[in-house]
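Counting from 11, one number per residue, gives the positions in the sequence shown under our numbering.
A short write-up of the structure that comes next.
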Amino acid sequence: MHIMISRLAVAAALACGSMSGAALAQSGPAPAPAKASETVPTAAQAQAFITAAEKEAFDFSIDNARVQWINATYLTEDTDAVAAEFGARGTEMSVRFALEAAKYDKAPGLSPDVKRKLDILRTGIVLPAPTTPGAATELNEIATRLQSAYGKGMGTLDGKPINGSDIEAEMGNINHTPAEYAEMWKSWHDQVGKPMKADYVRLVEIANAGSKELGFADTGAMWRSGYDMPPAEFAALTEKIWQEVKPLYDALHCYTRTKLNEKYGDAVQKKTGPIRADLLGNMWAQEWGNIYPLVAPAGSGDLGYDVGDLLEAKGYDPVKMVKAGENFYSSLGFAALPATFWTRSQITKPRDRDVVCHASAWDVDNKDDLRIKMCTKVNSDDFTTIHHELGHNYYQRAYNKQPYLYLNGANDGFHEAIGDFVALSITPKYLVDINLLDPAKVPSADKDLGLLLRQAMDKVAFLPFGLLIDRWRWGVFDGSIKPADYNKAWTQMRLQYQGIVPPVERPDDAFDAGAKFHIPGNTPYTRYFLARVLQFQFYEAACKQAGWTGPLHRCSFFGNKEVGAKLNAMLEMGASKPWPDALQAFTGSREMSGKALINYFAPLKKWLDQQNKGKACGW
Ligand SMILES: [Zn+2]
């Protein structure tokens, strides 16, 4: 998933992971240039500005991508320093362009194309500093301090200090006691979140002042402006989607609560009301797949095969796994990866140095210098990740003839959704098609519930979380949530959307939001909600085009050139057109909707409703 912030800097590399604590080049705030002159510019001047900006940004992006690549694949003090220097230059450029674009936005007679590019530039920075002397420096310092505080954050387990990635893993270990989960949850939120509050309050003030200078009501409104519709309309669209998928979430919540009650008893998890947030296998209760063994349906929980074992048995090594991923796209009619992909990618972890292992996909020259950076192991997760990362690469290449400012997904949910949609296609049928799975070993229909429930524990459980992170921030930025109520509002929204409660009483001066990476990291989050929904829309569309008639989650469109052609029609548009145009090119629909996700999980919903019969669902 995208972690990078500035739209300008995004073009080269896409890092993946809504859960990740590992930030790539963060473009935070930066020194702003002097205020633009007050005379009304002409359309010709706006066009000239765009031409110059695209050229400068294109050239910079290539140098920057090389620097970031070298840093990520060879971590030293020196490569860190150079990467930080280029990050700062990129941010400076983004801010300069955003302020300039705000000026030209008022020029009369702008072409739709120039207008679109100006808007992209104007919304191209996440945290704009105002031109007030000292504001940019202060904002930069705060943003850096918050990120560093998160990165160094520690909790405790059995009274002993434990770092962020270890505590994340331990929250997913199903062998701890409720008291241990509560200790980890409380210590992490108290020690990491709480000290950030004063800084965050100030950050909001400064960023709002910067957003106003760019012509937005507040920073949240600026974030909601990147979706080809007025900010209020976009907020309403996310609400519509949420209402479509909420009944499925509620059913999963109810069933999971019953299972947790059976395991832990009434004293820990009651049969009714909200779920204790620390019992769901994840520090933020955002994905629940780790506790799948506790909820697996009797008899259908085990698929009977493991993709990692199948790969081992057929003698796959990491390169062969990537070749299999390439073969998936080739089967749809996409051209083979360039020869340089194989010589320049980092497919396995080098033995002699530190690297960033977090998977990412790159197009270093914005043309065809495609690469992935992984530390691939021969297992099921990495096989999925390869298909996902290559989705980014094929998207990047498909839109490589677009002008620089359109070298991006149709909106920020699309890029992740492509990779995830392809990863959804790793079905038993596909594994048979590529000769990994013996046709006789295809799980029978009675395993469907296990397959679907495992998926739902991650993908459905995530939905309210994906929504509420920015809903909370929208309220913080527009002032409807006051600093004194930051934590109360956070806890209340966690209850309202996710139906969860903290394991212990929270003081009003806590700052639990800060205990989630993307808050101190200032990464907009609605994109992850959109990606979760879009991937099912893409998948359903592909399966329909392929004439699939069986259960949706069993579908494979491997080898279908018509699907590939339609997919390419969407991908090659990049960000050149409003996203509904792109969505329509592939799916035939202009509407982002939760209906495809609901169709995918329909057999599970039916089964959950049976399991939940007689239970007091809801909270
Ligand atoms: Zn990704």
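By construction, the Cβ of each residue, glycine as well, lies at the ideal position given by its N, Cα and C atoms.
Because the structure is a prediction, the values reported are computed rather than measured.
- Can you tell me the Cα-Cα spacing of Leu213 and Thr501, whole angstroms? 21 Å
- Identity of the residues DSSP links to Asp673 by a beta bridge: With the chain running from 11 to 629 in the structure shown, residue 673 is simply not present.
- Whole angstroms is fine: what's the gap from Asn376's alpha carbon to Thr142's? 35 Å
- Message: Taking the alpha-carbon of Leu447 as reference, which of Asp422, Asp319 and Gly628 has the nearest alpha-carbon?
- Response: Asp319
- Message: If contact is defined by three or more beta carbon pairs under 8 Å, each pair taking one atom from either stretch, is the segment 556-566 in contact with the segment 183-199?
- Response: no
- Nearest-angstrom beta carbon gap, Trp629 and Gly509 [assumed within contact, 8 Å]: 4 Å
- Can you give me the start and stop residues for the beta strand (DSSP E) that Lys623 sits inside? Careful: Lys623 lies outside any beta strand (DSSP E) and carries neither H nor E.
- Task: Would you mind sorting Pro438 into buried or exposed? The rule is 16 or more other CB atoms within 10 Å of its CB.
- Result: buried
- Every unbroken beta strand (DSSP E) inside the segment 166-215 [3 residues or more]: 170-173
- What do you reckon, is the C-beta of Glu254 under 6 Å from a heavy atom of ligand 1? no
- Same chain only: Cβ atoms within 6 Å of Ile428, ignoring 5 sequence neighbours per side: Gly401 and Tyr405
- What separation, rounded to the nearest whole angstrom, lies between the Cα atoms of Lys383 and Val329? 12 Å
- Message: Considering only heavy atoms of ligand 1, does any lie closer than 6 Å to the CB of Leu476?
- Response: Per the sequence shown, residue 476 should be read as Gly rather than Leu. Checking the Cβ of Gly476 against ligand 1 gives no.
- For Glu297, is the beta carbon positioned less than 6 Å from some heavy atom of ligand 1? no
- Considering Glu264, what are the terminal residues of the alpha helix (DSSP H) in which it resides? One point to set straight first is that residue 264 is Cys, not Glu, in the sequence displayed. Segment Pro241 to Tyr274, the alpha helix (DSSP H) holding Cys264.
- Can you pull the DSSP bridge partners for Val573? For Val573, which the question treats as bridged, DSSP gives no partner whatsoever.
- Query: So, Thr52 versus Ala117, is the Cβ gap smaller than 7 Å?
  - Reply: yes
- Message: Is it buried or exposed, Ala277, if we count other Cβ atoms within 10 angstroms and call 16 or more buried?
- Response: exposed
- Which runs of the alpha helix (DSSP H) spanning at least 4 residues fall entirely within the segment 436-523, listed in chain order? 438-443, 458-469, 472-488 and 496-503
- Item | Buried or exposed by the 16-neighbour rule on C-beta atoms within 10 Å, applied to Asn570 | buried
- With 16 other Cβ atoms within 10 Å as the buried cut-off, status of Gly598: exposed
- Is the Cβ-Cβ distance between Pro303 and Gly220 less than 7 Å? no
- Item | Where Gly100 falls, given that 16 or more other Cβ within 10 Å makes a residue buried | buried
- Message: Given the structure, does Gly423 come close to ligand 1, in the sense that its CB is under 6 Å from one of the ligand's heavy atoms?
- Response: no
- Message: Could you check if Lys429 belongs to the surroundings of ligand 1, using beta carbon to heavy atom distance under 6 Å?
- Response: The sequence as given places Gly at residue 429; Lys does not occur at that position. Yes, the Cβ of Gly429 comes within 6 Å of a heavy atom of ligand 1.
- Message: Just to check my reading of the structure: Glu550 and Ala606 have Cβ atoms closer than 8 Å, yes? What is that Cβ distance to the nearest angstrom?
- Response: 4 Å
- So what does DSSP say about Arg650, is it helix, strand or coil? Since the first residue of the chain shown is 11 and the last is 629, residue 650 is not available in this structure.
- Closer than 7 Å by C-beta to Phe611: which residues in its own chain qualify, once you throw out the five before and the five after it? Chain order, please. Leu258, Leu462, Ala466 and Val470
- Task: Kindly confirm or deny that the segment 333-342 and the segment 430-444 touch, where touching means at least three C-beta pairs closer than 8 Å.
- Result: yes
- Relative to the alpha-carbon of Val432, which residue among Phe393, Asp456, Ile251 and Asn410 has its alpha-carbon at the smallest distance? Phe393
- Should Glu426 be counted as a contact of ligand 1 given a C-beta to heavy atom distance under 6 Å? yes
- Residues near Lys256 in its chain [Cβ-Cβ closer than 6 Å; skip 5 each side]: none
- Between which two residues does the alpha helix (DSSP H) carrying Gln78 extend? Ala53 to Ala82
- Item | Check whether Lys127 and Leu415 have beta carbons under 7 Å apart | yes
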